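Each step along the sequence shown adds one to the number in the working numbering, with nothing skipped, and position 54 is 54.
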Amino acid sequence: MKIKSMDKKLIFNQEYKNIKEGFYTSSYFIKTKKIIEQFKKHNDTILQFSFFRDEPIVLCGVCEIIDILKKTLTPNELKQIEVYGYKDGDIIQPNTSVLFFKGPYQIFGKYENIFDGILSRRCSVATNCKEVLDLITTDQLIFMADRTENYNTQPYDGYAAYIAGVRHFVTDASVAFIKNKKEVTVSGTVPHALIQQFNGDIVAALKAYKALYKNSPLIALVDYHNDVIGEIKKLSKHFKKELYAIRIDTSHALVDRSLTKKKLHGVNPILVKLARKALNQCGMKNTKIIISSGLKTEDVKKYLKLNSPVDIYGIGSYLTRDSVHFTADLVYLDGKNEAKVGRKLSLPIKKLTKLTRYI
1 MKIKSMDKKL IFNQEYKNIK EGFYTSSYFI KTKKIIEQFK KHNDTILQFS FFRDEPIVLC
61 GVCEIIDILK KTLTPNELKQ IEVYGYKDGD IIQPNTSVLF FKGPYQIFGK YENIFDGILS
121 RRCSVATNCK EVLDLITTDQ LIFMADRTEN YNTQPYDGYA AYIAGVRHFV TDASVAFIKN
181 KKEVTVSGTV PHALIQQFNG DIVAALKAYK ALYKNSPLIA LVDYHNDVIG EIKKLSKHFK
241 KELYAIRIDT SHALVDRSLT KKKLHGVNPI LVKLARKALN QCGMKNTKII ISSGLKTEDV
301 KKYLKLNSPV DIYGIGSYLT RDSVHFTADL VYLDGKNEAK VGRKLSLPIK KLTKLTRYI
């Protein structure tokens, strides 16, 4: 097994300094460390990281944790600890612990809540993405979570999505930690803002886009006027052969003009079917359909079940929701099991990969 360190170009040394000094550590862990150092030192403890979920997860965050250890512990401290566990990308079954620290608790105890948080977030994103990619192919999914998360989490969430198999993103930050940039794309459609700046004229907006970005795929956002079919007809008079795709992003609060009588809100299979029919009738059979606007796994399943002509799904907040929760527990002390009720050492750790050899 080969573990590659993440490319952390966007992370400043100050962040590692803050982690080392306990800036992000819960205060009671800092107090516990000081008490142990003065009153009760043990050199043989095991801290075990486990998750709560009834379904398997995609593990992610291990490389990041190894990086933090490398950057914040002294050579002497690293010699005193052993880290065992699985690697990023492994599928972990329920009731399986994923990471184990063996050695003096006072060395690694200050990272307990930080590593819980890293594993919870990274595994949530990776597992959510895998859930969707179990239904569709990599080329049918665009990771569009940039508007539903704090901007500085984009590199971490992008990495977790990549581990799960995502290859198409909309920000450069999302691919910052990915070593092989040739495997990924950063692109997108035009926003409503561009259409607004051309007084709502989608044709004028796309002509300007095409003039400046000649080599980029031409993708039209067609819900600005809440008239998807009308916009398709306009576009067909100017971009019949050049239009790579349309994107339908109709708000859940609105009913497209073509569906006024049916009163079907937002993006829906009927609207997609009508859009495909209009594209075909206008001589744009090769133009793809992208849909977005609050999509979830259940939505993807619905479209697939109906054999709906959706080519690409743009999904955002659903992919970064919290779906995996981790806890760290001390389960071993001086050669014997010692843990709070309900917790125990889950497996012989020496059967796992010794991760400290990659430090």
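Here a beta-carbon is modelled for each residue, glycine too, at the ideal position from N, C-alpha and C. Treat the numbers as computed from the prediction; the structure is a model and nothing was measured.
Boundaries of the alpha helix (DSSP H) around A275: P269 to Q281. Across the structure, I291 and V228 are spaced so that their CA atoms are roughly 12 Å apart.
Residue state for S50 is assigned as strand, using DSSP reduced to three classes.
Residue environment for H252: exposed (fewer than 16 other C-beta atoms within 10 angstroms of its C-beta). Closest by C-alpha distance to A160, out of G89, S97 and K110, is G89. Going by DSSP, I81 is part of no beta strand (DSSP E) at all; its letter is neither H nor E. Scanning its chain for C-beta atoms nearer than 6 Å, with the 5 sequence neighbours on each side dropped, one finds around T25 the residues K110, in chain order. The continuous beta strand (DSSP E) containing Y244 extends over residues L243 to I248.
Not a single unbroken stretch of the beta strand (DSSP E) spanning 3 or more residues falls wholly within the segment 107-142. Residue state for V98 is assigned as coil, using DSSP reduced to three classes. For I290, the enclosing beta strand (DSSP E) starts and ends at K288 to I291.
Linking F108 to L73 through their CA atoms gives a straight-line distance of about 9 Å. For I163, the enclosing alpha helix (DSSP H) stretches over residues Q154 to A164.
In this structure the segment 67-85 touches the segment 12-21; the number of beta carbon pairs closer than 8 Å is three or more.
DSSP places D329 inside the beta strand (DSSP E), whose first and last residues are H325 to L333. Across the structure, V132 and E183 are spaced so that their CA atoms are roughly 19 Å apart. Between V58 and T153 a beta carbon distance of about 18 Å is seen, past the 8 Å cut, so the two are scored as non-contacting. The beta carbons of H238 and V203 sit closer together than 7 Å.
Taking C-beta atoms as the reference points, Q140 and I248 fail to come closer than 7 Å. Spatial neighbours of S317 in its own chain (CB-CB distance under 6 Å, excluding positions within 5 residues in sequence) are listed in chain order as T148.
Residues of the same chain with a CB within less than 8 Å of the CB of H325, apart from the 5 flanking positions on each side, are F51, F52, R53 and S120 in chain order. In the assembly as shown, Y84 is a buried residue. Its beta-carbon has 16 or more other beta-carbons within 10 Å. Relative to G200, the option among V222, Y213 and K261 whose CA is nearest is V222. In this chain, the alpha helix (DSSP H) harbouring G230 covers V228 to S236. Taking C-alpha positions only, C282 is separated from V186 by approximately 29 Å.
According to the DSSP assignment, Y209 belongs to the alpha helix (DSSP H) that extends over I202 to L212. In the displayed model, Y24 falls within coil according to three-state DSSP, outside both helix and strand. Distances from the CA of I66 to each of K179, F198, N280 and F101 were compared; the closest alpha carbon is that of F101. For I195, there is no enclosing beta strand (DSSP E); the enclosing alpha helix (DSSP H) covers residues H192 to Q197. Here the alpha carbons of G61 and I195 stand approximately 40 Å from one another. Distances from the alpha-carbon of V310 to those of Y28, V341, K285 and R276 put R276 closest. Annotated three-state conformation of I178 is coil, per DSSP. Leaving aside the five residues that flank G165 on each side, the residues in its chain whose CB is nearer than 8 Å to its CB run, in chain order, C129, K130, L133 and T138.
In the three-state reduction of the DSSP assignment, K17 falls in the helix class, which pools H, G and I. Partner residues in a beta bridge of K34, as assigned by DSSP, do not exist. Burial state of I35 is exposed, judged by a 10 Å Cβ sphere holding fewer than 16 other Cβ atoms.
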